[in-house]
Amino acid sequence: REDDELFFLLVPALYASLYEEKHPVHTSSLSGAAKVKEILEGHESWSRVEFRMEPEIFKSIVDYLRRENLLKGTSRVTVEEQLAMFMYMISHNASNRDLQKYFQHNAKTIHRKINKIFDLIPTLAQTFIKIPS
(Lines of atoms letter the chains of each structure in order from A and count residues from 1; the text may use other names and numbers.)
(Lines give C-alpha, C1' and ligand atoms only; values in the text may rest on other atoms or scores of the structure.)
Protein backbone atom coordinates (compact mmCIF):
# COMPACT_ATOMS: atom_id res chain seq x y z
CA ARG A 1 0.00 0.00 0.00
CA GLU A 2 2.83 2.42 0.89
CA ASP A 3 4.62 1.52 -2.34
CA ASP A 4 1.51 2.40 -4.34
CA GLU A 5 1.28 5.80 -2.67
CA LEU A 6 4.96 6.46 -3.35
CA PHE A 7 4.48 5.42 -6.97
CA PHE A 8 1.61 7.86 -7.46
CA LEU A 9 3.70 10.63 -5.94
CA LEU A 10 6.92 10.00 -7.85
CA VAL A 11 5.63 9.25 -11.35
CA PRO A 12 4.06 12.68 -11.96
CA ALA A 13 7.16 14.43 -10.59
CA LEU A 14 9.49 12.38 -12.80
CA TYR A 15 7.26 12.92 -15.82
CA ALA A 16 7.25 16.68 -15.24
CA SER A 17 11.02 16.83 -14.88
CA LEU A 18 11.54 14.89 -18.12
CA TYR A 19 9.16 16.95 -20.22
CA GLU A 20 9.43 20.42 -18.76
CA GLU A 21 10.49 23.12 -21.17
CA LYS A 22 14.25 23.60 -21.17
CA HIS A 23 15.60 27.13 -20.98
CA PRO A 24 19.06 28.09 -22.24
CA VAL A 25 21.56 28.84 -19.49
CA HIS A 26 24.20 30.69 -21.49
CA THR A 27 22.30 33.75 -22.69
CA SER A 28 24.86 36.55 -22.64
CA SER A 29 24.97 38.71 -25.75
CA LEU A 30 28.75 38.15 -25.85
CA SER A 31 30.35 34.75 -26.29
CA GLY A 32 33.38 34.01 -24.16
CA ALA A 33 35.69 34.64 -27.12
CA ALA A 34 34.01 37.99 -27.84
CA LYS A 35 34.30 38.98 -24.18
CA VAL A 36 38.03 38.14 -24.15
CA LYS A 37 38.53 40.12 -27.37
CA GLU A 38 36.68 43.10 -25.92
CA ILE A 39 38.82 43.02 -22.76
CA LEU A 40 42.11 42.68 -24.65
CA GLU A 41 41.21 45.45 -27.10
CA GLY A 42 39.64 47.73 -24.49
CA HIS A 43 41.30 49.88 -21.88
CA GLU A 44 44.51 48.32 -20.54
CA SER A 45 43.16 48.33 -16.99
CA TRP A 46 40.39 45.89 -18.00
CA SER A 47 42.95 43.19 -18.79
CA ARG A 48 44.84 43.90 -15.58
CA VAL A 49 41.65 43.56 -13.54
CA GLU A 50 40.27 40.47 -15.29
CA PHE A 51 43.47 38.54 -16.13
CA ARG A 52 46.05 40.27 -13.87
CA MET A 53 48.32 41.17 -16.79
CA GLU A 54 48.68 43.72 -19.56
CA PRO A 55 47.15 42.81 -22.94
CA GLU A 56 50.59 42.69 -24.62
CA ILE A 57 51.86 40.12 -22.12
CA PHE A 58 48.68 38.07 -22.47
CA LYS A 59 49.05 38.09 -26.27
CA SER A 60 52.75 37.14 -26.01
CA ILE A 61 51.86 34.12 -23.88
CA VAL A 62 49.18 33.10 -26.39
CA ASP A 63 51.71 33.43 -29.25
CA TYR A 64 54.23 31.31 -27.32
CA LEU A 65 51.67 28.59 -26.56
CA ARG A 66 50.69 28.45 -30.24
CA ARG A 67 54.25 28.59 -31.60
CA GLU A 68 55.41 25.77 -29.32
CA ASN A 69 52.24 23.74 -30.07
CA LEU A 70 51.49 23.60 -26.36
CA LEU A 71 47.87 24.67 -26.72
CA LYS A 72 45.52 24.60 -29.68
CA GLY A 73 42.24 26.34 -30.24
CA THR A 74 39.13 24.46 -31.26
CA SER A 75 36.12 25.50 -33.28
CA ARG A 76 34.42 26.46 -30.00
CA VAL A 77 37.23 27.69 -27.72
CA THR A 78 40.21 29.77 -28.87
CA VAL A 79 43.65 29.67 -27.28
CA GLU A 80 42.99 33.21 -26.00
CA GLU A 81 39.80 32.09 -24.30
CA GLN A 82 41.46 29.03 -22.73
CA LEU A 83 44.23 31.17 -21.24
CA ALA A 84 41.66 33.77 -20.17
CA MET A 85 39.61 31.10 -18.36
CA PHE A 86 42.68 29.98 -16.44
CA MET A 87 43.88 33.48 -15.61
CA TYR A 88 40.39 34.60 -14.56
CA MET A 89 40.02 31.51 -12.37
CA ILE A 90 43.30 31.97 -10.49
CA SER A 91 42.97 35.77 -10.35
CA HIS A 92 39.46 35.79 -8.90
CA ASN A 93 39.35 32.41 -7.14
CA ALA A 94 36.50 31.63 -9.55
CA SER A 95 34.55 28.38 -9.44
CA ASN A 96 33.61 26.30 -12.47
CA ARG A 97 30.12 27.77 -12.22
CA ASP A 98 31.57 31.31 -12.23
CA LEU A 99 33.55 30.44 -15.36
CA GLN A 100 30.46 28.96 -17.03
CA LYS A 101 28.59 32.20 -16.53
CA TYR A 102 31.51 34.44 -17.51
CA PHE A 103 32.66 32.51 -20.60
CA GLN A 104 29.32 30.97 -21.65
CA HIS A 105 30.50 27.34 -21.82
CA ASN A 106 29.26 24.24 -20.05
CA ALA A 107 30.94 22.69 -17.01
CA LYS A 108 32.60 19.89 -18.98
CA THR A 109 34.20 22.28 -21.48
CA ILE A 110 35.46 24.55 -18.70
CA HIS A 111 36.88 21.57 -16.81
CA ARG A 112 38.70 20.19 -19.88
CA LYS A 113 40.21 23.54 -20.89
CA ILE A 114 41.36 24.44 -17.38
CA ASN A 115 42.95 21.01 -16.95
CA LYS A 116 44.84 21.44 -20.24
CA ILE A 117 46.44 24.58 -18.85
CA PHE A 118 47.23 22.88 -15.53
CA ASP A 119 48.90 20.06 -17.48
CA LEU A 120 51.18 22.63 -19.16
CA ILE A 121 52.54 24.07 -15.92
CA PRO A 122 55.42 21.56 -15.50
CA THR A 123 56.53 22.18 -19.10
CA LEU A 124 56.31 25.94 -18.70
CA ALA A 125 58.11 25.78 -15.35
CA GLN A 126 61.11 24.02 -16.94
CA THR A 127 61.38 26.82 -19.50
CA PHE A 128 60.59 29.88 -17.42
CA ILE A 129 61.52 29.13 -13.82
CA LYS A 130 65.24 29.07 -13.14
CA ILE A 131 66.63 27.93 -9.81
CA PRO A 132 69.15 30.47 -8.52
CA SER A 133 72.73 29.23 -8.48
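Residue numbers for the sequence shown follow the numbering used here, beginning at -13 and rising by one. Quick reminder that beta carbons are idealized off the backbone N, C-alpha and C, glycines included.
What does the Cβ neighbour count give for residue i, buried or exposed, with the cut at 16 atoms within 10 Å?
i: residue 31; result: exposed
i: residue 112; result: exposed
i: residue -7; result: exposed
i: residue -3; result: exposed
i: residue 63; result: buried
i: residue 25; result: buried
i: residue 33; result: buried
i: residue 99; result: buried
i: residue -5; result: exposed
Please tell me whether residue i and residue j are closer than 8 Å, where the distance is taken between their beta carbons.
i: residue 96; j: residue 104; result: no
i: residue 38; j: residue 77; result: yes
i: residue 18; j: residue 91; result: yes
i: residue 56; j: residue 109; result: yes
i: residue 68; j: residue 102; result: yes
i: residue 51; j: residue 65; result: yes
On the DSSP letters alone, give me the boundaries of the alpha helix (DSSP H) that residue i sits inside.
i: residue 31; result: 30 to 37
i: residue 18; result: 18 to 27
i: residue 62; result: That residue, residue 62, is in no alpha helix (DSSP H); it is neither H nor E in DSSP.
i: residue 112; result: 93 to 114
i: residue 42; result: 41 to 53
i: residue 90; result: No alpha helix (DSSP H) holds residue 90; DSSP gives it neither H nor E.
Three-pair Cβ contact test at 8 Å for the segment 69 to 82 versus the segment 41 to 50: Touching, yes.
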